[in-house]
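In my numbering, the protein residues as written are 44 to 128. What follows is a single structure, written as structure tokens, with notes after it.
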């Protein structure tokens with residue numbers, strides 16, 4: 044499990060948490076408690092596990108992470124449109 048943050052919109056996302064097993068479960072639980080999306084992507088996780096904590100996603104992973112973020116943003120927009128006014 045790897046958690047990313049887009050704290051600064053003009054920079055690449057940061058790896059803010061990562062772990063396997065019980066640590067991964069705790070990260071996912073915290074994310075869900077805060078209403079954050081959790082997405083399973085084992086291949087991307089394997090690559091991101093090599094990035095140190097508080098480091099930006101490297102350029103060679105930009106496209107994969109951008110596709111994931113686009114998916115999350117589309118879910119958020121869909122949720123906003125379907126929310127009662």
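A virtual CB, placed ideally from N, CA and C, is assigned to each residue, including glycine.
Worksheet item: Taking DSSP as the reference, what is the three-state secondary structure of residue 94?
Response: The sequence position of residue 94 within the chain shown is 51, counting from 1. Residue 94 falls in the coil class under three-state DSSP.
Fill in: residue 47 - DSSP class collapsed to helix/strand/coil
Taking the first residue of the chain shown as 1, we reach residue 47 at position 4. Here residue 47 sits in strand by DSSP.
Practice prompt. Could you tell me whether the stretch 118-126 touches the stretch 55-75, using the rule of 3 or more Cβ pairs below 8 Å?
Written response: no
Discussion item. Quick check on this structure: which residue in 95, 69, 66 and 81 has the alpha carbon closest to the alpha carbon of residue 112?
Written reply: The count along the chain shown starts at 1 and reaches residue 112 at position 69. Residue 112 has its Cα closest to that of 81, out of 95, 69, 66 and 81.
Discussion item. Please return the same chain residues whose Cβ sits closer than 7 Å to the Cβ of residue 62, not counting the five positions on each side in sequence.
Written reply: Taking the chain shown and counting its residues from 1, the one referred to as residue 62 is at position 19. Correct list, in chain order: 44 and 70.
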